[in-house]
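Engineer:
4 protein chains.
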Amino acid sequence: MRALKTKYDIFRQKAYIIIYGSNTFAGRLFDLTLLGVILLSVLLVMLESIEKLDAKHHTFIVVSEWIITIFFSIEYALRIICNKRPLKYIFSFYGIVDLISILPMYLSFFVPGSRILSVIRALRLLRLFGILNLVHFTGQESQLKLAIKASRTKIIVFIYFILVVSILLGAIMYVIEGPESGFTSIPVSIYWCIVTLTTVGYGDIAPVTTLGQIIAAFIMIMGYGIIAVPTGIVTAEFANAKRNDPDMDGKRKCPSCTTIIYNEDSRYCHHCGEKLTHG
Amino acid sequence: MRALKTKYDIFRQKAYIIIYGSNTFAGRLFDLTLLGVILLSVLLVMLESIEKLDAKHHTFIVVSEWIITIFFSIEYALRIICNKRPLKYIFSFYGIVDLISILPMYLSFFVPGSRILSVIRALRLLRLFGILNLVHFTGQESQLKLAIKASRTKIIVFIYFILVVSILLGAIMYVIEGPESGFTSIPVSIYWCIVTLTTVGYGDIAPVTTLGQIIAAFIMIMGYGIIAVPTGIVTAEFANAKRNDPDMDGKRKCPSCTTIIYNEDSRYCHHCGEKLTHG
Amino acid sequence: MRALKTKYDIFRQKAYIIIYGSNTFAGRLFDLTLLGVILLSVLLVMLESIEKLDAKHHTFIVVSEWIITIFFSIEYALRIICNKRPLKYIFSFYGIVDLISILPMYLSFFVPGSRILSVIRALRLLRLFGILNLVHFTGQESQLKLAIKASRTKIIVFIYFILVVSILLGAIMYVIEGPESGFTSIPVSIYWCIVTLTTVGYGDIAPVTTLGQIIAAFIMIMGYGIIAVPTGIVTAEFANAKRNDPDMDGKRKCPSCTTIIYNEDSRYCHHCGEKLTHG
Amino acid sequence: MRALKTKYDIFRQKAYIIIYGSNTFAGRLFDLTLLGVILLSVLLVMLESIEKLDAKHHTFIVVSEWIITIFFSIEYALRIICNKRPLKYIFSFYGIVDLISILPMYLSFFVPGSRILSVIRALRLLRLFGILNLVHFTGQESQLKLAIKASRTKIIVFIYFILVVSILLGAIMYVIEGPESGFTSIPVSIYWCIVTLTTVGYGDIAPVTTLGQIIAAFIMIMGYGIIAVPTGIVTAEFANAKRNDPDMDGKRKCPSCTTIIYNEDSRYCHHCGEKLTHG
Chain A
3 MRALKTKYDI FRQKAYIIIY GSNTFAGRLF DLTLLGVILL SVLLVMLESI EKLDAKHHTF
63 IVVSEWIITI FFSIEYALRI ICNKRPLKYI FSFYGIVDLI SILPMYLSFF VPGSRILSVI
123 RALRLLRLFG ILNLVHFTGQ ESQLKLAIKA SRTKIIVFIY FILVVSILLG AIMYVIEGPE
183 SGFTSIPVSI YWCIVTLTTV GYGDIAPVTT LGQIIAAFIM IMGYGIIAVP TGIVTAEFAN
243 AKRNDPDMDG KRKCPSCTTI IYNEDSRYCH HCGEKLTHG
Chain B
3 MRALKTKYDI FRQKAYIIIY GSNTFAGRLF DLTLLGVILL SVLLVMLESI EKLDAKHHTF
63 IVVSEWIITI FFSIEYALRI ICNKRPLKYI FSFYGIVDLI SILPMYLSFF VPGSRILSVI
123 RALRLLRLFG ILNLVHFTGQ ESQLKLAIKA SRTKIIVFIY FILVVSILLG AIMYVIEGPE
183 SGFTSIPVSI YWCIVTLTTV GYGDIAPVTT LGQIIAAFIM IMGYGIIAVP TGIVTAEFAN
243 AKRNDPDMDG KRKCPSCTTI IYNEDSRYCH HCGEKLTHG
Chain C
3 MRALKTKYDI FRQKAYIIIY GSNTFAGRLF DLTLLGVILL SVLLVMLESI EKLDAKHHTF
63 IVVSEWIITI FFSIEYALRI ICNKRPLKYI FSFYGIVDLI SILPMYLSFF VPGSRILSVI
123 RALRLLRLFG ILNLVHFTGQ ESQLKLAIKA SRTKIIVFIY FILVVSILLG AIMYVIEGPE
183 SGFTSIPVSI YWCIVTLTTV GYGDIAPVTT LGQIIAAFIM IMGYGIIAVP TGIVTAEFAN
243 AKRNDPDMDG KRKCPSCTTI IYNEDSRYCH HCGEKLTHG
Chain D
3 MRALKTKYDI FRQKAYIIIY GSNTFAGRLF DLTLLGVILL SVLLVMLESI EKLDAKHHTF
63 IVVSEWIITI FFSIEYALRI ICNKRPLKYI FSFYGIVDLI SILPMYLSFF VPGSRILSVI
123 RALRLLRLFG ILNLVHFTGQ ESQLKLAIKA SRTKIIVFIY FILVVSILLG AIMYVIEGPE
183 SGFTSIPVSI YWCIVTLTTV GYGDIAPVTT LGQIIAAFIM IMGYGIIAVP TGIVTAEFAN
243 AKRNDPDMDG KRKCPSCTTI IYNEDSRYCH HCGEKLTHG
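These protein sequence lines map, in sequence, to chains A, B, C and D. Mapping to my numbering: the first sequence position 86 is 88, numbers consecutive. Mapping to my numbering: the second sequence position 191 is 193, numbers consecutive. Mapping to my numbering: the third sequence position 133 is 135, numbers consecutive. Mapping to my numbering: the fourth sequence position 114 is 116, numbers consecutive.
Below, the structure is given as structure tokens:
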């Protein structure tokens, strides 16, 4: 009994290294297999949504989806089993995603048509960020994250500003254009305003009256102008992050105290006074 | 008589603290209630504009709007009463907004259909900026304001330039394309030109002739290129504001001369030579 | 005879000061009048292009246009007469614009319908830059000009790149989509490609086949990405111009040698060693 | 025989200088001729695709295309003959482009309709970058290349992020909107999502339901916001490249130690203390 438990423990430990780690060959192989299966599962959901393909290959697609669902179920079970703190995994973001990406298939036994919800499986694509988590890559990513994090408050103020402006101008355009031009209600007008302000411009709704077109032109120029604001925010952060980045490409380090020498033509270390050689 | 006046004075003072202040619990509660009612009133105007909903719940919506209007009227009266300089409030931006957001409902007694003007109430959403006026937030906002203020002149020149270019190219496109392609008049052509230059591109009007399409392509590339100008202006301002910002996140200050230490690994103050401690 | 000539000379001199200068009251008044008449003339051409308005007020518009044309003709004559180097003016950019903005009206005697060419009068709007030429304004404008000038070569390379990419992808899309989807010829496909690459997206032509949509998505993301290039170019120039700008807002100057003190916490002038005071 | 070989060798050497070089007059002339012929050939393919023009001038166009094809064939043969390492050329990018730009015409003998593939000839336009390869120009180009190269990893992460987001939101929109609104399948929905996220907005597919429009508005604002990310990346790189660029426009160098003097009004070299003269 004890030997069995030990075997089970060893199995759990091995599974943990394979599933969560990526240093061993098996772990790397598992990561790549998972990557492939996730891509395949997303592809399958896509193909199924194309009516012509679904009509032709319905059985093949359904069988494949079941195979993938079972694979994901086993993976989900293993992740719970081999984790020392299974609850933490279950209620983590990835844990929830992993669960709801397999649920719709089982649900389809009871609720017909619920299989369409398996599109949520696409969320598993986010795992790829983790799988492709090379050192260099992460460095870049974290720099991105830092810049975005630092400018978060400004961006929230900015989005709030856009929303208030859109509600105001949307309401005004509703009064000016009226339902005949497609501005059937204020929410629709607000939707149109966001479409215009962000320079997307579908054209499904477009102003017809002269006054409406003048205000629309004003909104466009404003939108064109304020696109500068988020760009300015993020760029300033990037430039800042870059300036403070200690891993700058190919900078000299002081041979004595390993401080990074920012100024290329320094002749003495600014930290310890050690004389520097060029090169 | 005198006691009454004092009571009234105390009431005014209390009302002032609640309405204009946000330090007391009651003041904070009032702010949040106002926030909720403003959001609700905007939502109501939106819902009323949706024909189907209005047909179903007309009485409910009208009654709710009257309740909100009365609430706003009382708030408006209180703001005038408890303010020591009521005229200053009445003719301030917010004072006018507060007034014209309650007027349309009362007007609807005399002029039927004027209730639609209560969409102007959406302007009260701007008060949210004030209500959400946390210290940190304001810091961000004022930095935004500074950057925008500093680049104001450049942006005006820029908008003027866009308008002149649009009039010129709009007139040319009117001559080339003519009314058959939707370019029914020069103002419409100018509208089209702004739609194109700002990369919105509704497609309600689009050039059909070869020459028209060539000029349109030219306008697009130009618009694509000059989008860089406002961005460049604002970004340079942001980067500048960032560099000069003394409240940079968590910078050390010299304990002796309170100079800000920009370089994180400095061991001596670059200003007074005081030895610095890490931490 | 000699007295007459002197009178004529005085008239020419006065006219010169009024027309070309803007320091005297009369000169300023002339500038503002010209500004008004130019705006009016552009407005008239616009209104005439609106069929309904033209039908109603045809006589009024034509008479007004003739009055403006005569005003412009007199102005043109005066500009030639009072200028010491009339040929230089005649063949300058503004001289040519001034001439061709009055020609179409006179031409309409001989060639009916040529009056439409008077839209070229909109070019005179460019004079407004000159008229509004306040000192502060020009400073901003010239900084804009410098930044644009410095990044000119890069922008030309960039536009050339966009054109080559558009021709290539336009040709490919023509082969893939074919005339049925609106890609009737390669030039039209190139036009579509520019419309897409610049994120304008009219939607008058849109890919229908799967392969076409994949390539279109690729073009969009590319266009979305390379919008960064002109922005990056211009922003870097702006930031540079800003850094080198000696008229930076509110910088201290050394009381001894008037050198600008860039570093706010300097205690000695970096140029002459004079001790600086704060504030 | 030997003399002939020598003559042939001289011919090869001369041809090499003319075709590959651009220092001699003949070489320059060849480059410009090639430039003209490439532009002409692209123009011809374009014109042929316009049905009306092709119907009218079919013979003229076909004959011209044959002349150009023969010109290109001779050029291709010469490039192989005079090159000392012909295989390197044949399998180089330009070698393959040169070959496949003449193949379709010869193929059209056997496979009718294959002449349309000669649009691939547009790829030869890329050669123009080489031909216009002036020193100044290249400097600019290489700075562009450096900035793009440095930000490559970040841009790949960014594009990957856009793709994942598009798949996720595309799938969700497919479930919400359904085939009735034009969201016929998940791939089509993803295509729509990219069209929206990049602010292109054709309008061939547009959300109709309220929930769909809310999500669309959210996608637009997100797209509008994240357009800042690539811009921020590239701008930071540009600003960096600019700062580190040793060939900065007209900077002084210290006559003693050749250090670049960044500060224009320095009177002493900041490196070796040499007195500087203004210049």
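Ideal placement from N, C-alpha and C gives every residue a C-beta, glycine not left out.
D:GLY38 and D:GLY29 - do their beta-carbons sit closer together than 9 Å?
Structural biologist: Not a contact, by the Cβ cut-off of 9 Å.
Engineer: Taking only the alpha-carbon atoms, compute the straight-line gap between B:THR260 and B:PHE73 and give it to the nearest angstrom.
Structural biologist: Per-residue confidence for B:THR260 stands at a pLDDT of 49, beneath the threshold of 50, marking its modelled position as unreliable; the derived number appears in the next sentence. Roughly 51 Å between the two C-alpha positions.
Engineer: Does DSSP classify A:SER43 as helix, strand or coil?
Structural biologist: Looking at A:SER43 - three-state DSSP - the assignment turns out to be helix.
Engineer: Check for me: the alpha helix (DSSP H) holding D:ARG81 runs from which residue to which?
Structural biologist: First-last of the alpha helix (DSSP H) with D:ARG81: 53-84.
Engineer: Take every Cβ of the segment 223-232 of chain A, pair it with every Cβ of the segment 230-240 of chain B, and state whether three or more of those distances are shorter than 8 Å.
Structural biologist: The segment 223-232 of chain A, when compared against the segment 230-240 of chain B, does touch it at the 8 Å Cβ threshold.
Engineer: Evaluate D:SER2 with the Cβ neighbour count: other Cβ atoms within 10 Å of its Cβ, from every protein chain shown; 16 or more gives buried, anything less gives exposed.
Structural biologist: Nothing can be reported for residue 2 of chain D, as the shown portion of chain D is limited to 3 through 281.
Engineer: In angstroms, rounded to a whole number, what distance separates the CA positions of B:VAL166 and C:VAL44?
Structural biologist: Approximately 11 Å between the Cα atoms of the pair.
Engineer: Given A:TYR162, which residues of its chain have a CB within under 6 Å of its CB, disregarding the five upstream and five downstream residues?
Structural biologist: Counting only Cβ-Cβ distances below 6 Å, and skipping sequence neighbours, we find nothing.
Engineer: Consider the Cβ of C:GLY203: report whether some Cβ of chain A lies at a distance smaller than 9 Å.
Structural biologist: With 9 Å as the cut-off, C:GLY203 counts as an interface residue toward chain A.
Engineer: With burial defined as no fewer than 16 other Cβ atoms inside 10 Å of the residue's Cβ, what is the status of C:ALA219: buried or exposed?
Structural biologist: The residue is buried, with at least 16 neighbouring Cβ atoms inside 10 Å.
Engineer: Going by beta carbon distance, what residues of the same chain come within less than 6 Å of A:ILE40, once the five residues before and after it are set aside?
Structural biologist: Excluding positions up to five away in sequence, the list reads ARG126.
Engineer: If you check the beta carbons only, do B:GLY205 and A:GLY225 fall under 9 Å apart?
Structural biologist: No, the Cβ-Cβ distance between B:GLY205 and A:GLY225 is not below 9 Å.
Engineer: As a quick exercise: from D:ARG129, D:PRO189, D:GLU50 and D:LYS16, pick the residue whose alpha carbon is nearest that of D:GLY97.
Structural biologist: With distances taken between Cα atoms, D:GLY97 lies closest to D:ARG129.
Engineer: How should B:GLU53 be labelled, buried or exposed, when 16 other C-beta atoms within 10 angstroms of its C-beta is the threshold for buried?
Structural biologist: B:GLU53 comes out exposed.
Engineer: Cα separation between D:ILE104 and A:MET48?
Structural biologist: Approximately 40 Å between the Cα atoms of the pair.
Engineer: Among C:TYR78, C:LYS86, C:ASN25 and C:ILE69, which one has its Cα closest to the Cα of C:ASP11?
Structural biologist: Comparing Cα-Cα distances from C:ASP11 to each of C:TYR78, C:LYS86, C:ASN25 and C:ILE69, the minimum goes to C:LYS86.
Engineer: If we ignore side chains and look at the alpha-carbon of each, how far apart do B:ILE178 and D:VAL177 end up?
Structural biologist: Taking the straight line joining both Cα atoms gives about 45 Å.
Engineer: How far does the alpha helix (DSSP H) with A:GLY172 in it extend, from its first residue to its last?
Structural biologist: It spans 154-179 - the alpha helix (DSSP H) in which A:GLY172 sits, taken as one unbroken run.
Engineer: Count the other CB atoms within 10 Å of the CB of C:TYR108; is the residue buried (16 or more) or exposed (fewer)?
Structural biologist: The residue in question, C:TYR108, is exposed, as its Cβ has fewer than 16 Cβ neighbours within 10 Å.
Engineer: Could you tell me the boundaries of the alpha helix (DSSP H) in which B:TYR91 lies?
Structural biologist: Start and end: 88-92.
Engineer: When the Cα atoms are used, what is the spatial distance from A:LEU31 to A:ILE19?
Structural biologist: Spanning the two alpha carbons is a distance of roughly 12 Å.
Engineer: Suppose the cutoff is 8 Å on Cβ atoms and the five residues either side in sequence are ignored; what does the same chain contact list for A:SER183 look like?
Structural biologist: Excluding positions up to five away in sequence, the list reads ILE207, ALA208, PRO209, VAL210, THR211 and GLY214.
Engineer: What residues from chain C crowd round A:THR233, counting only those whose CB sits closer than 8 Å?
Structural biologist: Residues of chain C passing the Cβ test: THR233.
Engineer: Using a Cβ-Cβ cut-off of 9 Å, state whether B:SER43 counts as contacting chain A.
Structural biologist: Chain A contact via Cβ: absent.
Engineer: Just mark C:ARG154 as buried or exposed, buried being the case when its beta carbon has 16 or more other beta carbons within 10 Å.
Structural biologist: By the neighbour-count rule (16 or more Cβ atoms within 10 Å), C:ARG154 is not buried but exposed.
Engineer: For chain B, find out if any of its Cβ atoms is closer than 9 Å to the Cβ of D:THR71; answer yes or no.
Structural biologist: No, its Cβ sits nowhere closer than 9 Å to a Cβ of chain B.
Engineer: For B:LEU170 and chain C, any beta-carbon pair shorter than 9 Å?
Structural biologist: For B:LEU170, the answer is yes, since a Cβ of chain C falls inside 9 Å of its Cβ.
Engineer: Can C:MET222 and D:ILE221 be called in contact, C-beta distance under 9 Å?
Structural biologist: Against a cut-off of 9 Å, the Cβ pair of D:ILE221 and C:MET222 comes out as no contact.
Engineer: Output needed for C:THR198: all residues of its chain with C-beta closer than 7 Å, excluding positions within five of it in sequence on either side, in chain order.
Structural biologist: Taken in chain order, the residues that qualify are ALA218, ILE221, MET222 and GLY225.
Engineer: How many angstroms separate the CA atom of D:ASN25 from the CA atom of D:CYS84?
Structural biologist: About 17 Å.
Engineer: Report the neighbours of A:THR237 on chain C: residues whose CB is nearer than 8 Å to its CB, in chain order.
Structural biologist: Those within 8 Å of A:THR237 in chain C are THR237.
Engineer: If we count the other Cβ atoms within 10 Å of its Cβ and call it buried at 16 or more, is C:LYS9 buried or exposed?
Structural biologist: It counts as exposed.
Engineer: In the segment 207-236 of chain D, which residue ranges form an unbroken alpha helix (DSSP H) of at least 4 residues, counting only runs that do not cross its ends?
Structural biologist: Counting whole runs of 4 or more residues, the segment 207-236 of chain D contains the alpha helix (DSSP H) stretches 212-228.
Engineer: In the DSSP assignment, find the alpha helix (DSSP H) that holds B:VAL202 and state where it starts and stops.
Structural biologist: Taken as a continuous stretch (DSSP letters only), B:VAL202 belongs to no alpha helix (DSSP H), as it is neither H nor E.
Engineer: Assign D:ILE21 to buried or exposed, taking buried as 16 or more other Cβ atoms, counted over all protein chains shown, within 10 Å of its Cβ.
Structural biologist: Under this definition D:ILE21 is a buried residue.
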